[in-house]
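Chains as they are written, first to last, in this note's numbering: chain A, 1 to 216; chain B, 1001 to 1216. The C-beta atom is built at its ideal place from N, Cα and C for all residues, glycine as well.
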DNA sequence: TGACAAATTAACCTTTTGGTACATTCTGTT
DNA sequence: AACAGAATGTACCAAAAGGTTAATTTGTCA
């Protein structure tokens, strides 16, 4: 239903990377919006400049596409954290910065969190297919290990802090804030999801995390 | 493939409540297992003693069935909390008990948490259809308000504690522990999901929540 | 006991949906 | 310029999936 009266009837450029990126971007939105099973291949191609054929050409099938979408989501999430340069700050400050940043970053990128939530609904089966995702995610842990070592050495951190537990705690806060917003705000109002409410939650997260690691 | 050589060829008892309960129980499992869109009506009836028609007879359509399943899940979750009798304990102890109980209860009932997560993927649209769920959930907040009032009056709670924020915090911990287990344990190992790990997380939750409310 | 409503079964239907076959165009290489 | 292989568009398909129709059985009450 579009264009070209005078133009040539058929003409297209080859652009594999562009097509792949386009599909991936659209698929990210559609999967995040409707879940894996709820997402429709036809809906994805409709929003794309390409044709259905290309999805199967480049990604194999719906699961393959979802796996790539998920991979890209994890990559961007961890990439953000990686740029924080936590080594430059005193341990307690660095931890505070990490927690606050994670809170904001997840809030600014709800699609990625939704994709991870969706992946959990499906028992992580696509994640298991990925080679690259586990590597990405080990970075955050080694970063926290380093941070804890410094804090313990310095005497500001408890001796028994657990980097993994720390990551778990921060994730729990920041992920829940996105993943359960719909039901929570419907049941209890959206006071906590206004800008002011979110600032309070972020402050709460930071102080809780700091309290949890601080030497007594 | 069952029964009756010598028995009458066809014979069934009318049992509306039994049929409804059967369908609801099976649907709970199937929806929790596969999500809303991923769940198959045929799979549900297959595991049921009834026939497909009954789902539509009693629940209208797939969404109607899911709405009832979700309603039942919320009812059981809140029913547990309601039986805690928090008034009988000093505020700090009551809060600790609530947090620890919620942690355990969610852990023992992952299906309900999964259903809520699934509902969030679908933007809470089934929840909005329910009359009863919001009532159920207001109980926990009024309970916490009462608790906070006592704590503040007694001087053990900070003056500015927010019951809703408290509930949010406890929920975040306990829900994340279930809803993101698949991806988290795949990426970071399942140390935190062993019995010992879970006990540590529960202890962390309790101490964090207490620290957050305690007057300084 | 007979009639009427409620409950239930079994077979069927329509649309949707993920996926494919096949033809066509583009582009780098010789 | 011609060939080969990669990239893309179009039309199509078979199966799955939600939902429905129609007929049968069971319970109830006058």
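With contact defined as three or more Cβ pairs closer than 8 Å, the stretch 1139-1149 of chain B and the stretch 1077-1089 of chain B are in contact. Put simply, the stretch 1047-1057 of chain B does not touch the stretch 1101-1114 of chain B. Fewer than three CB pairs are less than 8 Å apart. Residue 1169 of chain B counts as buried, since no fewer than 16 other beta carbons sit within 10 angstroms of its beta carbon. By the C-beta criterion, the stretch 169-178 of chain A is judged to be in contact with the stretch 193-212 of chain A, since at least 3 inter-stretch pairs fall below 8 Å. Separation of residue 135 of chain A and residue 68 of chain A (C-alpha to C-alpha, rounded to the nearest whole angstrom) is 15 Å.
For residue 106 of chain A, the uninterrupted alpha helix (DSSP H) run begins and ends at 91-108, by DSSP. Contacts between residue 171 of chain A and chain B, judged by CB atoms closer than 8 Å, involve 1176, 1180 and 1184 in chain order.
As computed with DSSP, residue 214 of chain A is found in a beta bridge with A:157. Under the Cβ distance rule, residue 1123 of chain B counts among the residues neighbouring chain A, one pair being separated by less than 8 Å.
When Cβ-Cβ separations below 8 Å define contact, residue 80 of chain A makes no contact with chain B. Counting along the chain, residue 67 of chain A sits inside the alpha helix (DSSP H) bounded by residues 62-82.
Following the DSSP letters along the chain, one finds residue 1168 of chain B inside the alpha helix (DSSP H) bounded by residues 1163-1179.
The beta carbon of residue 1211 of chain B sits closer than 8 Å to some beta carbon of chain A. Remark: C-beta atoms of residue 96 of chain A and residue 213 of chain A do not approach each other more closely than 8 Å. Nearest CB-CB separation between residue 1165 of chain B and chain A: below the 8 Å threshold. About 6 Å separates the CB atoms of residue 1179 of chain B and residue 120 of chain A; that is less than 8 Å, so the two are in contact. Contact annotation for residue 1038 of chain B against chain A: 35, 36, 37, 38, 121 and 122 [CB-CB distance below 9 Å, chain order]. Closer than 8 Å to the CB of residue 1168 of chain B there is at least one CB belonging to chain A.
Residues of the same chain with a CB within less than 6 Å of the CB of residue 19 of chain A, apart from the 5 flanking positions on each side, are 50 and 54 in chain order. Leaving aside the five residues that flank residue 99 of chain A on each side, the residues in its chain whose CB is nearer than 6 Å to its CB run, in chain order, 170, 205, 206 and 209. The Cβ atoms of residue 1035 of chain B and residue 37 of chain A sit closer than 8 Å to each other. In the displayed model, residue 186 of chain A falls within a helix according to three-state DSSP.
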